[in-house]
Amino acid sequence: MDKNTIAGFFLIALVLIGFSWWNRPSETELQEMARQDSIAQVEQQKAEKAQALQAQQAAERRQALVADSTSLFFANRGGESTDVVLENDLVKLTLSTQGATVKSAELKEYKNYKGEPVVLLDKALALDMQWATKTDNINAQDYCFSVQEQSDSSATLRLGDEQRHIDVTYTLHPATYMTDITIAAQGMQNYFAPNASSMYVNHASVVVQQEKGQSFENQYSQFTYREMNGDVNELSASGTDEEQPEEAVQWIASKNQFFSAVLISDKGFTQAKLSSATCNEGEALKAYAAEMQTKFDPKGLDATHLQLFTGPNDFHLLKEHDRLAYGNQDIELERLVYFGWPLFRWINRWIIMPLFDLLKGLGLSMGLVILLLTLIIKALVYPATHKSYMSSARMKVLKPEIDKIAAKYPKQEDALKKQQETM
Numbered sequence: 002m003d004k005n006t007i008a009g010f011f012l013i014a015l016v017l018i019g020f021s022w023w024n025r026p027s028e029t030e031l032q033e034m035a036r037q038d039s040i041a042q043v044e045q046q047k048a049e050k051a052q053a054l055q056a057q058q059a060a061e062r063r064q065a066l067v068a069d070s071t072s073l074f075f076a077n078r079g080g081e082s083t084d085v086v087l088e089n090d091l092v093k094l095t096l097s098t099q100g101a102t103v104k105s106a107e108l109k110e111y112k113n114y115k116g117e118p119v120v121l122l123d124k125a126l127a128l129d130m131q132w133a134t135k136t137d138n139i140n141a142q143d144y145c146f147s148v149q150e151q152s153d154s155s156a157t158l159r160l161g162d163e164q165r166h167i168d169v170t171y172t173l174h175p176a177t178y179m180t181d182i183t184i185a186a187q188g189m190q191n192y193f194a195p196n197a198s199s200m201y202v203n204h205a206s207v208v209v210q211q212e213k214g215q216s217f218e219n220q221y222s223q224f225t226y227r228e229m230n231g232d233v234n235e236l237s238a239s240g241t242d243e244e245q246p247e248e249a250v251q252w253i254a255s256k257n258q259f260f261s262a263v264l265i266s267d268k269g270f271t272q273a274k275l276s277s278a279t280c281n282e283g284e285a286l287k288a289y290a291a292e293m294q295t296k297f298d299p300k301g302l303d304a305t306h307l308q309l310f311t312g313p314n315d316f317h318l319l320k321e322h323d324r325l326a327y328g329n330q331d332i333e334l335e336r337l338v339y340f341g342w343p344l345f346r347w348i349n350r351w352i353i354m355p356l357f358d359l360l361k362g363l364g365l366s367m368g369l370v371i372l373l374l375t376l377i378i379k380a381l382v383y384p385a386t387h388k389s390y391m392s393s394a395r396m397k398v399l400k401p402e403i404d405k406i407a408a409k410y411p412k413q414e415d416a417l418k419k420q421q422e423t424m
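The opening position of the sequence shown corresponds to residue 2 in the numbering used here, with each subsequent residue numbered one higher.
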């Protein structure tokens with residue numbers, strides 16, 4: 002190794018050391034970082050304590066329910082929960098008889114970055130149902146439902162007996178990602194107040210990493226909801242955010258970059274409280290939670306209709322699933338696909354997307370499609386940018402002459418002469 006090489010390594014080391022020293026955080030920045038870390042640690046401890054308290058309260062509530070043989074649905078307390086599997090060519094949906102909720106949704110045609118099947122709602126309480134009767138607050142999670150009817154794509158889970166019960170029926174549409182959820186009561190009107198017309202529906206889920214780029218995927222993971230009036234909104238993608246929409250909410254979506262689990266109500270969710278928090282543990286990206294109410298008829302004359310979409314954020318696929326909504330409502334699931342800010346969203350939705358689909362439909366490779374799309378866009382915007390290009394070129398040519406004039410008239414009192422000669 003000669004002297005020049007040694008000197009080169011030495012200079013590189015000096016540059017690296019100098020760069021590190023120059024960019025080191027100040028004392029104030031270090032204190033702020035320590036403060037933020039302390040706040041994050043306290044928030045995490047609070048969350049852990051809240052989860053532990055909820056688990057303890059749930060256990061105590063179950064013990065009290067088992068001990069109280071006079072309360073409603075005593076026969077459904079205790080026992081072991083079992084899994085009920087519904088599936089079609091696209092989705093394998095696993096239900097739990099404990100609480101009649103969705104345990105997981107496996108997407109058969111998709112793999113994550115580990116090569117494993119994409120699974121949604123496995124870290125969730127997808128559908129937590131509660132009813133307020135005259136004597137009890139019935140929390141579905143405290144009860145083990147019985148399986149009344151089951152097929153490959155449908156199952157009815159019952160809380161109660163033949164005379165008085167609440168049935169929760171899941172029906173997975175063939176060759177789609179949509180599941181219908183029907184909640185119907187029978188013989189329950191005497192247990193509710195005469196004016197009772199709603200039930201509580203809560204949702205909690207943790208969105209996990211599916212791609213290698215965790216930080217990038219986290220930027221596009223947002224708790225999204227659509228109001229009955231058509232407005233679509235998102236909670237913040239960074240940090241913690243909470244919202245209480247004044248309008249009834251038509252659907253809420255636990256969304257990450259490429260997949261979503263969407264809970265839909267045909268009559269809307271009222272008094273919704275929505276929250277989102279960024280996770281910093283393992284593969285967890287976001288933690289979502291929703292507390293809501295929806296229509297419920299204790300007399301059994303009108304069933305409660307919910308739906309669950311568990312699938313990819315594909316624009317055309319989401320558009321097709323709109324037709325499966327109750328009452329032929331246009332629920333605009335395709336709004337889950339991010340097209341940018343309002344102006345850019347309009348351009349991308351009505352110009353770029355159709356053009357992309359047209360080129361893709363010609364059977365060209367994706368690389369060639371992107372190249373042609375770029376050239377076409379460049380050609381379309383060329384008339385608007387041509388004048389700007391020409392003006393910029395002229396200024397580059399004139400700049401040396403303008404600099405000479407500026408040097409010729411450096412004084413402020415010669416500003417008028419300088420301007421005249423420049424013109």
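Every residue gets a Cβ at the ideal spot worked out from N, C-alpha and C, and that includes glycine.
Counting along the chain, no alpha helix (DSSP H) covers LYS124, and no H or E run does either. When secondary structure is reduced to three states using DSSP, ALA176 falls in the coil class, being assigned neither helix nor strand.
From the listed residues GLU292, GLY362, VAL398, LEU319, the smallest Cα separation to ASP129 is found for GLU292. Cα atoms of ASP267 and GLU228: separation of roughly 12 angstroms, rounded to the nearest angstrom. In the DSSP secondary-structure assignment, LEU275 is bridged to GLU244, ALA291. The C-alpha of LEU158 is placed about 6 angstroms away from the C-alpha of PHE146. Rounded to whole angstroms, HIS174 and ALA125 show a C-alpha spacing of 22 angstroms.
Rounded to the nearest whole angstrom, the C-alpha separation of ALA254 and GLU107 is 17 angstroms. According to the DSSP assignment, THR95 belongs to the beta strand (DSSP E) that extends over 92 to 97. With distances taken between CA atoms, GLY231 lies nearest to ALA249 out of GLY240, ALA249, VAL202.
Distances from the CA of THR241 to each of VAL202, TYR289, GLN187 were compared; the closest alpha carbon is that of TYR289.
A straight-line Cα-Cα distance of about 48 angstroms links GLN215 and GLN187. DSSP places ASP162 outside both helix and strand once states are collapsed to three, so it counts as coil. Shown here, VAL338 sits in coil according to DSSP, grouped into three states, outside any helix or strand. Taken atom to atom, the span from the alpha-carbon of THR271 to that of THR295 is near 6 angstroms.
Taken through DSSP and simplified to helix, strand or coil, PHE270 comes out as strand.
Inclusion of ALA197 and ALA141 in the CB contact set at 7 angstroms is not warranted, their separation being larger than that value. Taking a 10 Å sphere around the C-beta of GLY368, we find fewer than 16 other C-beta atoms and assign the residue as exposed.
Assignment of THR423 by DSSP, reduced to helix, strand and coil, places it in the helix class. Going by DSSP, MET229 is part of no beta strand (DSSP E) at all; its letter is neither H nor E. Cβ-Cβ separation between ILE184 and ALA304: approximately 6 angstroms, consistent with a contact (criterion under 8 angstroms).
Rounded to whole angstroms, the separation of the alpha carbons of HIS166 and MET189 is 7 angstroms. In terms of CA proximity to GLU335, LEU319 leads the group PRO343, ILE348, LEU319, GLY328. Distance from ASP84 to LEU94 at the Cβ level is roughly 10 angstroms; contact not present, criterion being Cβ atoms closer than 8 angstroms.
Exclusion of the five residues before and after PRO246 leaves TYR226, GLU228, ASN234, ALA273, LEU275 as the residues of its chain whose Cβ lies within less than 8 angstroms of its Cβ.
For LYS112, the three-state secondary structure derived from DSSP is strand. For GLN223, the secondary structure class from DSSP, reduced to helix, strand or coil, is coil. Annotated three-state conformation of ASN138 is strand, per DSSP. The DSSP-derived three-state label of TYR410 is coil.
In the three-state scheme derived from DSSP, where H, G and I count as helix and E and B as strand, PHE260 is classed as strand. Taking all protein chains shown into account, TYR171 has 16 or more neighbouring C-beta atoms within 10 Å of its C-beta and is therefore buried. Only residues of its own chain outside the window of five on either side were considered, and among them LEU94, LEU96, LEU122, ALA127, LEU128, LEU309 have a CB closer than 7 angstroms to the CB of VAL103, listed in chain order. In the displayed model, LYS418 falls within a helix according to three-state DSSP.
Within the same chain, CYS145 come within 6 angstroms of GLY80 by CB-CB distance, once the 5 residues on both sides are set aside.
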